[in-house]
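>
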Amino acid sequence: MANKVMKNTITNALTVDVEDYFQVSAFANNIDRAEWENCESRVEANNRKLLELFDRFDYKATFFVLGWVAERYPHIVKAIHEKGHEVACHGYSHQLIYNQTPEEFAAETVKAKKILEDIIQGPVLGYRAASYSITQKSLWALDILAESGFTYDSSIFPVRHDRYGIPGAEEKPHHLTTPSGHSLVEFPISTKSYLGYRLPVGGGGYFRIYPYAFSRMALNSINKHQRQPFIFYLHPWEVDPDQPRIESSWLSRFRHYNNLDKCEARLTKLLTDFRFSTVQNVLSDLDLLQKPHGKIVAA
Ligand SMILES: [Zn+2]
420 MANKVMKNTI TNALTVDVED YFQVSAFANN IDRAEWENCE SRVEANNRKL
470 LELFDRFDYK ATFFVLGWVA ERYPHIVKAI HEKGHEVACH GYSHQLIYNQ
520 TPEEFAAETV KAKKILEDII QGPVLGYRAA SYSITQKSLW ALDILAESGF
570 TYDSSIFPVR HDRYGIPGAE EKPHHLTTPS GHSLVEFPIS TKSYLGYRLP
620 VGGGGYFRIY PYAFSRMALN SINKHQRQPF IFYLHPWEVD PDQPRIESSW
670 LSRFRHYNNL DKCEARLTKL LTDFRFSTVQ NVLSDLDLLQ KPHGKIVAA
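Each step along the sequence shown adds one to the number in the numbering used here, with nothing skipped, and position 79 is 498.
(1) Starting from Phe-448, follow the beta strand (DSSP E) in both directions and report where the run begins and ends.
(2) With Phe-651 and Ala-432 assumed to form a contact (beta carbons below 8 Å), what rounded beta-carbon distance in angstroms separates them?
(3) Measuring straight from C-alpha to C-alpha, what distance separates Asn-677 and Gly-624?
(4) Cα separation between Ile-495 and Leu-469?
(5) Following a CB-centred definition, is Ser-444 positioned closer than 8 Å to any heavy atom of ligand 1?
(6) Just checking Ser-550 against ligand 1 - is the residue's beta carbon closer than 8 Å to any of the ligand's heavy atoms?
(7) Which residue wins for smallest C-alpha separation from Gln-662, given the options Arg-461, Ala-447 and Val-443?
(8) CA-CA distance, Phe-446 and Ile-665?
(9) For the alpha helix (DSSP H) that contains Pro-521, what are its first and last residues?
(10) Beta carbon of Gln-661: closer than 8 Å to some heavy atom of ligand 1?
(11) For the candidate residues Trp-455, His-644, Gly-510 and Leu-544, whose alpha-carbon lies nearest to that of Val-604?
(12) Helix or strand or just coil, what does DSSP make of Ser-602?
(13) Within 10 Å of its beta-carbon, does Trp-656 have 16 or more other beta-carbons around it, so buried, or fewer, so exposed?
(14) Nearest by alpha-carbon distance to Asp-659: which of Lys-643, Lys-681 and Arg-672 is it?
(15) Could you give the distance in angstroms between the alpha-carbon of Phe-626 and the alpha-carbon of Ser-634?
(16) Starting from Ile-641 and walking both ways along the alpha helix (DSSP H), at which residues does that stretch end?
(17) Would you call the stretch 694–701 and the stretch 476–485 touching, i.e. three or more CB-CB distances under 8 Å?
(18) Trp-487 to Gln-442, Cα distance in whole Å?
(19) Going by other Cβ atoms of all chains shown within 10 Å of its Cβ, with 16 needed for buried, is Gln-709 buried or exposed?
(20) In chain order, which continuous runs of the beta strand (DSSP E) of length 3 or greater are located wholly inside the stretch 654–708?
(21) Have a look at the DSSP bridge pairing and note the partners of His-593.
(22) Distance, Cα to Cα, Phe-476 vs Leu-686?
(23) Can you tell which of Tyr-551, Ser-667 and Ser-640 has the C-alpha that lies nearest to the C-alpha of Ile-429?
(24) Compute the Euclidean distance between the alpha carbons of Phe-569 and Ala-507, then round it to the nearest angstrom.
(25) Consider the C-beta atom of His-504 and the heavy atoms of ligand 1; say whether any pair is separated by less than 8 Å.
(26) Using DSSP with H/G/I as helix, E/B as strand and the rest coil, what is Ala-588?
(27) Could you please give the first and the last residue of the uninterrupted alpha helix (DSSP H) stretch that includes Leu-564?
(28) Any heavy atom of ligand 3 inside 8 Å of the beta-carbon of Asp-572?
(29) Might you give, ordered along the chain, the residues of its own chain that have their beta carbon closer than 6 Å to the beta carbon of Ala-531, omitting 5 neighbours on each side?
(30) Which class does Lys-497 belong to by DSSP, given the choice of helix, strand or coil?
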């Protein structure tokens, strides 16, 4: 196969933000949290699709699960854990951190972590904020994460965007010191610089917008030229082209629905072209975290 990218020897982090299609920030103005209970839930079936796909490649992934989902569907968390994947935390209510007070954020983060740890009967080390909402305005959240017992965060998107991003932030996985002096490991969402402009290339809507060949080239360049692992993220609703449509602004609908029907096939190609494992495994390969023990093994 002449045009196939040779599998790089670098192992990348494969991550899923486990939430339902009606919980995303793009629709937060259209669907009130109180209405979530009444929406048709599709997260379990969609997450199962991803688990089966990862099984086919024998790859382990990190699943950042929303506390609200874990509380109602603990068997989703159990299924992830029993298959040897890493369970991590996506907060509780999918509120943007910079719209919360530190007290509100601390309360719901501790609550979400405890829900997950009670289900898996083990520690949850990793955190990812709703819509990457750790920005210059909410760096205090890093203190709360360290104080709540998280060892790593993957919420900082080193780009400029209307909802998230810290332009100019470090792009590689690294140790950071929080504003109060705690230590935390950060795995920023992957970006690739072209002509001095940083392009988000780590997954989600960008993976659906760009032609696959472009994503592959950009991600391959992070492995090959920068000799760094990238972190890839996706949501269960992104492999569900038949999900109910929600009335919203043109931009929100574009971001959410664009190329949903192409996503699963592209993801299959990505899993064919690159090596993947959990965030814990990738960070420990970089000596940023201790080697995980238990069921998680390097792919
Ligand atoms: Zn999310």
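For glycine and all other residues, C-beta sits at the position ideal for the given N, C-alpha and C.
In this text the structure is predicted, and so the values were computed from the model without any measurement.
Checking against the coordinates, here is how it stands:
(1) The sequence as given places Asn at residue 448; Phe does not occur at that position. First-last for Asn-448: undefined, no H or E at that position.
(2) 7 Å
(3) 8 Å
(4) 12 Å
(5) yes
(6) yes
(7) Arg-461
(8) 8 Å
(9) 521–539
(10) Here residue 661 turns out to be Asp, not Gln, going by the sequence shown. No - ligand 1 has no heavy atom lying nearer than 8 Å to the Cβ of Asp-661.
(11) Leu-544
(12) strand
(13) buried
(14) Lys-681
(15) 7 Å
(16) 631–643
(17) yes
(18) 10 Å
(19) exposed
(20) 694–696
(21) Glu-605
(22) 11 Å
(23) Ser-640
(24) 9 Å
(25) no
(26) coil
(27) 559–566
(28) You won't find ligand 3 in this model; what it holds is ligand 1.
(29) Gly-486, Cys-508, Gly-510 and Tyr-511
(30) helix
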